[in-house]
Every structure is written in C-alpha cells, then in structure tokens.
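Protein sequences, first through last, are from chains A and B. In terms of the working numbering, the first sequence has 264 at position 264, counting the first letter as 1, and numbering is strictly consecutive. In terms of the working numbering, the second sequence has 757 at position 420, counting the first letter as 1, and numbering is strictly consecutive. Beta carbons: idealized from backbone N, C-alpha and C, even for Gly. Given the structure is predicted, the values throughout are model-derived calculations rather than measurements. All remarks here apply to the structure that follows.
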Amino acid sequence: MLKYIVRRLLLLIPILLGLSLFLVVFLHLLPGDPCSANLGEHSTPENLARCRTGLGLDRPIYQQYFDYMAGLLHGDLGVSATNKVSVTTEFAARFPATFELTVSAMFLAIGVGIPLGVAAAKRQYSLFDNFATVASLIGISIPIFFLGLLLQYLFGVWLHWLPTAGRYDLATYSYDGAGTNFLLWESLVINHNLAEFADVLRHLILPAVALGTIPLAVVARITRSAVLEVLSEDYVRTARAKGLTSKRIDDRHVLRNAMLPISTVIGLQTGLLLGGAVLTEQIFSWGGVGNWLFQAAVDKDFVVIQSGALILATIFVLVNLVVDIGYAYLNPRIRYS
Amino acid sequence: MRKKLASLLAIAALAAAACSGSATPVPGTPGATTNPTIGPVATPAVTGTPVAPTSTAVNGGTWVFGSASDPTTLDAILMQDGESIRIAQQIYETLVKLEPGSASTLVPGLAKSWEASADGLTYTFHLQAGVKFTDGTAFNADAAVYNVNRWKNLPVPLQGSDYYDITVFGGYGDQSLISSVTKVDDATFQMVLTKPRADFLTAMSLPAFSMQSPAALQAHNADKAPTDASNDYWQKAPTGTGPFMFAGDFVPGDHYTIVKNPTYWDTANAAHLDKIIFKPIADSAQRLTALKSGTVDTIDFVDPNQLNDIKSDSTLQLVTRSPLDIGRLNINQSVKPFDDINVRKAINYAIDRQSLIDAFFPNGAGQPADSDLLPSMPAYQKNATVTGFDLQKAKDALAASNCQAPCKIDFWYPDSVSRPYMLDPKGEFEAIRTMLEAAGFQVTPQHKPWKGGYLTDEANGVYGLAFIGWIYDYADPADGPGIFFSTSLAKCGSKTPTTPHNCEAAEDNPAVAAAMAKAIAEPDEATRTQDWIAAMALLNADVPDAPLVWAGSALGMTTKIHGFVPSPTQTEYYNSVWKS
C-alpha cells in the first residue's frame, strides 16, 4: 500500500511539470497582459513598456518560466501582478472559504443523496422512485446561477430569512483573532460561541444548497443504480434466504458494495468543488479560490493562474488518492501493490 | 451662489497674486477643511446630490460598504484603481485636499498653508502641528521630505506600477519634475520644480500623493519589488494620519476593515463611525441584492437600470455623483480613411447622441457630450467638437471626402467590460453602427477583450475607430486631452517616431501640442482658462475624436446612513458619515 501511495505521489511530478509547461505557453499566447489590465484607460505605450519591465514581463518566455520554476522548487509560488499579494498568502486566506463551502455542499449531497438513492432503489418503479428520479434530473439540469439567484431572491430579499453575500455578519462579528479563516472551526472550537457558529451556518445555507444540488442529484442517481445492481446479486438473495434482517443485509452487504461507484463520484465531485465553484462564489460574493482564479484569468495574472492551477491539480490528485485508498477499506478484495 | 462667489473670489485672489509678479503667498487657513475660499487653484465646484443633512450626528457603529472589487494596493504612490483609492482616502491624507464634494477647490490637508513663488517653481508648505501617524511616529517635515523623495527617486522595482507619479512628475531622479525637496524647519519644507506646472497643487491632492509613515514603509520593505513577498506593507501595515486606520483585518476576496483613529489630529473632523467594512461584490445586480437583503448598508456603482428600483424603496436612498468622465470614439488619423478630416466630420454628424443616451444611460445616468471637456470646467465651450446630429451634413461630409459611400471602415469595440461611460459596449456599438451606415459607411465589426489585447492595441494606435473613455482625477483639461492627445518620441507599437507623435490618435498638429504645453504651464488661472480654450479650439478644428457621453454614477444606501458627501472624482471622505 505504501509503495502504491508513493508511486501515485511521484506521478504528481510529471503531471505538474506538464501542466506548468502547457500553461506558460498557453497563457503567453493569449492576447493582453497584467499591465494593460492594471492600467486600464491609462494604458499608453510608455506606461505599458515601463510596467512590463517592472513586472519582468519583457524577459523571454523561457527565462520567465525557469525563474518561476526555480522559485517553485524553493517553495515560492510567486506574487500576484495585480494585488502584489503572494499566492501562498492569498491561497491560505481563500482556501478555507472554499473548503467549508465544499464540505457543506458535499455533506448535503451525501447526507440527502445516498438515502434518497437507496430508498428509490428499494422501491423501484414506485411513485417515490419516479419522484426521486424526476427530482434528481431537475437537480442535475438546473443551472447554478439560476438556482442561486432564485434562492437569494426568495430567502434573502423577499423573506429576509437568510443573508445573500459573504461568510458571516460583518457588522456583528470579527474573526481577526485566530486568523485560520476556518470560521466553523473558529466559532465553535476556538471561540466557543454558538451564536457565531449559527451565524456562519446561516451564511452557508444558500451557497451550499446552490452548490450541492448538482452533486446531490448525481449521488442520488448513482446510488440508486448501484444499489439496484447489488440487490440483484446472488449473495444478497442468499443472505435473505438465510433469514438475515433487512437492515443487516443493507448495512453489511448492499451499501458496502454499492459504495465503490458512489465513492468514486463523491471523490471526483469533491475534487472539482475544492478547485473552486466559480459561479456560486460569484453569486454569493464568497471569497474563495474559484472567484480568485476567475478574476486572475480576467486580469491575465499569469503567476496566480499558473500557481493556482498547480495547487488545484495537486489537491485533485490527493483527493482521488484518498478515494482509491478508501476502496481497499470498502472492499478487502482490492489490494494495491 | 455663495459658494460660487467664494470660489470666484479665490480665483481673483490667485490671479492678483500671480499678476503682481511678487512672491506674495496665497495661504490656506488652519483646520478649515470645509472652507471653499482657500487654495490657489479654486474653480467652481462640481458636485453631486449629497445625502440631506438630518439630525445631529451619532457617533459609533459599523458601516458595511458593498464595493465593486478588492483593492490592489495601499502603497499610495502605486495606487491607480478606484477601490484602493476608496480605502486609502480614509487612512491617508495629502498635503492639500479637494474640498468635500468638489472636483477642483483645494483646502488645507496636512499642510495648513502654502506659498508658491512668482515663477511657479518653488512651493513652500507649512505643516499642521501635532500630527502623528497611526504607528505613533510624528508627521513632520522629515516625514514629508522622505515621502517626496520616494516619489522623486522611486526604487527601480516599483517603477512602472506608479501611474500618477510618472504622469505628474514625468520621470525619476534628474528626469523628475521635482528638482529638489528640502526641510526648512520641523514644520516647513520646500519643493522646487524644474518647470512650472499650473495644476501642480491640484495634482498634489491626488490620493497617490498621500503621506505614509516612513517607519512603516521601511519596516515592511515597501521599496522592494511589488512581486517580492517580503514587501507586505499594504497588507500588513498601511500607515497614515487619516481619521481611520488599518486594523489588521484584510481578508482578500472577503472584506477589508478599517477602524476609527482614536488619536486623529483634527478633532473637529474626527470620524463618527467606529468601523467601516468594505465587502467586495463584483456584480451590480448582486450588490443591489445585498443592499436589499440588509447584508450591506451601502453599494456603489448602481446600474442605471436599477436606479428606479432604489428610488421606489422607502428604506433606501439614492446618492448621485455628477459626471467627470468622457466616453468617446477615438479616431486614429494614421489609419485610412480616417486621415481625411471629412470622414471624421461625417462620423461626428452621423451619431445621434441623445438616442444613444436614451437607450443606454436611462434615468438621467448620462448626458450627450459635445466636447472632451465637461461643462463644469471653465475652459468648456458648448458644441466644441460637433454641432449635433445632422444626417444630411454627415452624408455631405462623406461625399466631400476621399472615401465615397459605401465607405468601408473597421470599427472596434471591447468585450468583457463595462465602464461608467461605456456600460454596454456591444449594444452601443450596434446602435452607432446603424447610425454610421445610414450616413453611407459600411462598417466591419471588430472586437477584442478589454484586458485581452484591446487596451494595448488601442494605446498603440492599431485601431482606426474605437470605443474608449477617460475618467478625470480632477476637473482640469490637463488631466484629459492634455494626456490622451499628448505627443512624445516614445515607441508607438513597433515603430519609434522621429518627431513627437500622438500614438493613440495621431493628433500630431505641432500648433495643438504647443498650445496645450503653454496652457499646462500657465500659473495664472484666468489666463490658463483662456489658453485652454485656445488649445481646445485648435484641437477640435482637427476633429480628433467623437465625444459621446458624460456619465455620472450613483450609490444606493439605506436611509440609516447620513452625512455622505459625493464627489465627481469619487475620492470621498467618510469621516463625516454616521449611522442612525
């Protein structure tokens, strides 16, 4: 197992090298640069030239690439050309926001999606099954921006039940103490303040529902088909013939075997969401990774795009590695060597 | 009326001082930051509609402000975007300030008074007493000299990120407009210029020329390259003397908090609020939603289509700013057929600006422009460039040109952008295209992303006819046509000109360049106004562009917010704001 993990981690090196090379070539082929983005109407040939020299953009591409990679080997992910904040600092500030949103959305997707899928499979072709199928199809096809705006208007503007932007009530609370930016953690574990915790949760509800709806529908659909497949297996029929209770069969045989395809989907979805949910973060003014990288792309902030992509690729590979390791736990027949 | 009279008196005082040929000072008055009669460059104020004064101000409270984006730096000399300036304006102060709400009237800031020598080269600043930076160090002549020297000798790694520094002072070291800066005594220092610049004092009111704590700048390596991670000055310790101060709570993408400066020197103008939190919300519709749901107290840059939405809500109020910008079509005379003045005239006559305003700047959000200057500027002349929409004149002008109908032209507009003067570039393009085609042009649409090559190409004179615009920093032609129609020997695209060249529009008329240079240097306000009228007449005779719109902007806020004074320059002071 250890050998397998090391091999998977070593695979990161060619992945990251290839990705960085692709990005450096691709980004420099695109028209525009951070200077025209920063200068706006103040762009004149003189100002542009001076700015390009200041940011080192007038160096040959290969030199920029080697300098960047040399920094990377020393753990330096570079500094944004737009706001001059180091990528490491900004990522550390924004990742907790994305992480909490992803975890909440996936909590919703798993907590509702799996029971929904199992229940639908066990009542195949029933009214409930049909309802669940239609609901999950709607969930998959509804655009996030539409759902987000709808939720905002309904629960924020109309009913005034829930906030529509940000991670907490800025006017009431302050989180400049511990500075982890993991607000659920800080409010509950560090500050021991239930009111703060509830406030953070309130702010999470709408974006988590908007972001979690698609994964929820996907998980429900996959769960239903996986459970149906397992239910028709001989060993389930045998277990039933042996007189095992329905609950025991579900827990020990059906769910555990069905979890393999479900965990694959959960892993992929989590990896994708951790990369930042651009639309949700934009709609709910969520200071996460997605919003940041989107703006960096608009501003042609090469260093941020490059380093951000490398970090996200690493996260994606790691999440999927965790899922693969999880397979071995779920199904002892799977052995990695 | 009283305000205008006072401003005129100030102009008269300045004119008298300059005409006398002596070094008679035109001093400011200590602490009178709302006195409009003070300052050597005082012109009628351009204002918006301020929040109506209500009952007595209440101290305390937190104001959550929905801004449009994150700031990009708070090292003042490197700032150029509005959201950075918005925060900086509250934590830093300049030697002279614009009167709240004005785009041109100067009042004392960190300098309680100042004198200009008769030749317009030497400025002596007398500093306010007892001022401290929020890190506890003293603001005195040493600190002021340190800051001015930093502008003059900006460290090489920072050069190129300092738009205002290079625009106002023209270069670094020996190339700078600043010849020398010397301390006279603890409360006095002198700046000597290499040549007169009439708008020098007004330029000194720009937030980029704020005074920052030398100790904080040094401790946080502010002189190292902005891309050097050890330079964390703006994120960790932006330190000024203003009514608000940095509180260590900047979370990129989420919020930026500043708190009341408890030891602010100007006690009469101390902040009412305890705290201001800037919450970046990029989309204007999302900003309105956040305001309506109570997530924020105030939003800026309300979309013109949302103005009525705010007006009709009894819990909200609308605060408007007068225009101080110009949306225009740049016409590049080095690209055929735009080298023909009749083609340029035909374009101007063909555009029905009023219908453009009705369609794209509804609810009074914009006015049809007939000049690159604004009516609030003394040098403005009505119908300077165009005498209004006239289709027949457009057809006649085209018929008289070297490009007969259908005259084929490329017409450029930017993608992925919305600016105050250009809210819907594609929509406006389509409308103008129809107008031009009615006059006999055959338009080929061309477009590129604003930040994806459009700005660079436009600046390098690649496009013949293209949308562009300008937001003035203060109401002076030197900060508009004086910049975008200036000539230089700098590289233009791939070519290096041998004679002074205007890269963007190829407006290379030497008579225009000489007239603008004279106006920019003229220290006497009245003479300068006449110089600018003459320069603009020469410029407009060349029909160098097609002005389209002067657009204002608006803020939406809850009725609990009071004391907000809008400024056309958008550099507003929040110390007067309070929350009920």
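When rounded, the separation of the alpha-carbon atoms in residue 632(B) and residue 165(A) is 7 Å.
Out of 915(B), 559(B) and 777(B), the CA that lies nearest to the CA of residue 731(B) is found in 777(B). Residue 911(B) has its alpha-carbon roughly 9 Å from the corresponding atom of residue 610(B). Taking the Cα of residue 896(B) as reference, the smallest distance to any Cα among 916(B), 722(B), 889(B) and 530(B) is reached at 916(B). Residue contact check for residue 807(B) against chain A: a CB pair falls below 8 Å. Judged by DSSP secondary structure, residue 808(B) falls within the beta strand (DSSP E) whose first and last residues are 802-808.
The beta-carbon distance between residue 744(B) and residue 779(B), rounded to whole angstroms, is 7 Å. This is short enough to meet the 8 Å contact definition.
One Cα belongs to residue 788(B), the other to residue 668(B), and the distance between them is close to 20 Å. Under the Cβ distance rule, residue 257(A) does not count among the residues neighbouring chain B, no pair being separated by less than 8 Å. Annotation: residue 787(B) is outside any alpha helix (DSSP H) and is labelled neither H nor E by DSSP.
If you draw a straight line from the Cα of residue 568(B) to the Cα of residue 118(A), it is about 55 Å long.
By a beta-carbon distance limit of 8 Å, residue 447(B) contacts residue 431(B). Their separation comes to about 7 Å. Boundaries of the alpha helix (DSSP H) harbouring residue 146(A): 144-151, taken from the DSSP string.
Exposure of residue 14(A) is indicated by the presence of fewer than 16 other C-beta atoms within 10 angstroms of its C-beta. Around the Cβ of residue 307(A), a 10 Å sphere holds 16 or more other Cβ atoms; the residue is buried. Under DSSP, residue 667(B) shares a beta bridge with 803(B) and 882(B).
Rounded to the nearest whole angstrom, the C-alpha separation of residue 679(B) and residue 729(B) is 13 Å. Three or more Cβ pairs closer than 8 Å define a contact, and the segment 92-102 of chain A meets that threshold against the segment 259-279 of chain A.
For residue 35(A), there is no enclosing beta strand (DSSP E); the enclosing alpha helix (DSSP H) covers residues 34-39. In summary, residue 515(B) is buried, with 16 or more beta-carbon neighbours lying within 10 Å of its beta-carbon over all protein chains present. The Cβ of residue 609(B) sits no closer than 8 Å to any Cβ of chain A. Taking a beta-carbon distance threshold of 8 Å, residue 897(B) does not count as an interface residue toward chain A.
Secondary structure of residue 778(B) (DSSP, three-state): strand. Across the segment 32-53 of chain A, CB contacts with chain B closer than 9 Å involve 32, 33, 34, 35, 36, 37, 38, 39, 40, 41, 42, 43, 44, 45, 46, 47, 48, 49, 50, 51, 52 and 53, in sequence order along the chain. Non-local C-beta neighbours of residue 653(B) in its own chain, meaning closer than 8 Å and more than five positions away in sequence, comprise 628, 629, 647, 893, 894, 895 and 896, ordered along the chain. Among the residues facing chain B, residue 143(A) is not included, as its CB has no counterpart in that chain under 8 Å away.
As the crow flies, the alpha-carbon of residue 293(A) is around 47 Å from that of residue 875(B). Under DSSP, the beta-bridge partners assigned to residue 593(B) are 587(B) and 615(B).
Excluding the 5 residues flanking it on each side, residue 857(B) has same chain C-beta neighbours closer than 8 Å at 534, 535, 536, 815 and 819, in chain order. Residue 793(B) belongs to the set of residues whose beta carbon lies under 8 Å from a beta carbon in chain A. Within 7 Å of the CB of residue 496(B), the CB atoms of chain A belong to 50 and 54, in sequence order along the chain. Put simply, the backbone Cα of residue 435(B) is about 14 Å away from that of residue 450(B).
For the C-beta of residue 618(B), the chain A residues within less than 7 Å are, from N- to C-terminus, 165 and 285. An exposed status is given to residue 143(A), since fewer than 16 other beta-carbon atoms sit within 10 Å of its beta-carbon.
The count of Cβ pairs closer than 8 Å, one atom from the segment 203-215 of chain A and one from the segment 233-251 of chain A, stays below three, leaving the stretches out of contact. Looking at the DSSP output, residue 460(B) sits in a beta bridge with 453(B) and 528(B).
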